[in-house]
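**Student:** If you read the sequence shown in this note's numbering, its first letter stands for residue 2, the second for the next number, and so on. Take this structure, written in structure tokens, and hold onto it; I'll ask about it next.
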Amino acid sequence: MDTLKKTGTITLLLALIAGYCDTITFVAADAIFSAHVTGNFIVFAYQLVKGSEWQTWIKLLTFPVFILSVIVGGRIGAAPKNRYRLLLFEGLILLLAAVTAMLGTQQNNNWVVYVVAMVVVCAMGLQNAFGKLYAKETHGPTTMMTGNVTQASLDLGTLVKTGFNHPEAALSLKKQLYAILGFLAGCFLGAIAGKLWGLPVIILPGLLLIYCYITRPLEQAR
Numbered sequence: 002m003d004t005l006k007k008t009g010t011i012t013l014l015l016a017l018i019a020g021y022c023d024t025i026t027f028v029a030a031d032a033i034f035s036a037h038v039t040g041n042f043i044v045f046a047y048q049l050v051k052g053s054e055w056q057t058w059i060k061l062l063t064f065p066v067f068i069l070s071v072i073v074g075g076r077i078g079a080a081p082k083n084r085y086r087l088l089l090f091e092g093l094i095l096l097l098a099a100v101t102a103m104l105g106t107q108q109n110n111n112w113v114v115y116v117v118a119m120v121v122v123c124a125m126g127l128q129n130a131f132g133k134l135y136a137k138e139t140h141g142p143t144t145m146m147t148g149n150v151t152q153a154s155l156d157l158g159t160l161v162k163t164g165f166n167h168p169e170a171a172l173s174l175k176k177q178l179y180a181i182l183g184f185l186a187g188c189f190l191g192a193i194a195g196k197l198w199g200l201p202v203i204i205l206p207g208l209l210l211i212y213c214y215i216t217r218p219l220e221q222a223r
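Below you can see the structure in the form of structure tokens.
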């Protein structure tokens, strides 16, 4: 049970960070999804048919950036001892994004918005790589919730059918809620922070990841 709780903590943390980053780039970086990058297909198509400017095409750049970052993440995380180093690098990259956003705001450079968004996409690519390489470290995907919501729905259906007397389904539902509620909370925080202060507040999840790595609660998850 102790391991379950620690895995749940990591799931909650990473889902919150993904929801926060995804929403803040959407709100403050021209509707770019940084975690759920396939959503950029929808935004790109929508803006294109509305006759938007050429900047719309920049959204397609999220895909090669994401792919390359996942490949790099796979190299970094190839050794089991490096699994949480991926999250340290993610935190450092988010700090880089925040510093870039702060400097760009001072210089009033519009291009910085897109640069920062791509850097955040890179960070989310590392988190996706972590989730795939070390699936047992979390209760499920932390950057996209469709699969988690599907599993939670199936578990809830099983519980209703059995009169809420199905321990396995109850445990599975609890695991999914760590990710779903964490992501939802991150979305709310990202929306508020992005609207009020813009991209520089991407520094918060970066600091949080680095703090967790330095204090090593993540290393105790196994």
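For every residue, glycine included, the Cβ atom is placed at its ideal position computed from N, Cα and C.
Just how far apart, CA to CA, sit Gly52 and Asn41?
**Tutor:** 16 Å
**Student:** With a threshold of 7 Å on Cβ separation, who are the neighbours of Ala19 within its own chain once the five nearest residues in sequence on each side are excluded?
**Tutor:** The residues are Ala36, Met125, Gln128, Thr143, Thr144, Phe184 and Gly187.
**Student:** Which of the three DSSP states, helix, strand or coil, is assigned to Ala186?
**Tutor:** helix
**Student:** Alpha carbon to alpha carbon, how far is Leu17 from Val120? Give it in angstroms, no decimals.
**Tutor:** 18 Å
**Student:** Mark Arg76 as exposed unless 16 or more other C-beta atoms lie within 10 angstroms of its C-beta, in which case mark it buried.
**Tutor:** exposed
**Student:** Measuring straight from C-alpha to C-alpha, what distance separates Thr163 and Gly78?
**Tutor:** Approximately 41 Å, taken between the alpha carbons.
**Student:** So within the region 144–169, which uninterrupted alpha helix (DSSP H) runs reach at least 4 residues, ignoring any that extend past its ends?
**Tutor:** 147–162
**Student:** Spatial neighbours of Leu96 within its chain, please: CB distance less than 8 Å, with the 5 preceding and 5 following residues excluded, ordered by chain position.
**Tutor:** Ile204, Gly207, Leu208 and Ile211
**Student:** Any idea what DSSP makes of Lys51, helix, strand or coil?
**Tutor:** coil
**Student:** Might you give, ordered along the chain, the residues of its own chain that have their beta carbon closer than 7 Å to the beta carbon of Phe27, omitting 5 neighbours on each side?
**Tutor:** Ile33 and Phe34
**Student:** Looking at the structure shown, is Ile33 part of a helix, part of a strand, or coil, going by DSSP?
**Tutor:** coil
**Student:** Taking only three categories from DSSP, how would you classify Thr39?
**Tutor:** coil
**Student:** Go ahead and pull the three-state DSSP assignment for Arg84.
**Tutor:** coil
**Student:** Let me know the secondary structure DSSP gives Arg223 once reduced to three states.
**Tutor:** With a pLDDT of only 48 at Arg223, under the threshold of 50, the placement of this residue in the model should not be trusted; the figure read from the coordinates follows. Coil.
**Student:** Quick one: what does DSSP say Thr142 is sitting in, helix, strand or coil?
**Tutor:** The sequence as given places Pro at residue 142; Thr does not occur at that position. In this structure, Pro142 counts as coil in the three-state DSSP scheme.
**Student:** Under the three-state reduction of DSSP, which class applies to Tyr135: helix, strand or coil?
**Tutor:** Looking at Tyr135 - three-state DSSP - the assignment turns out to be coil, as it is neither helix nor strand.
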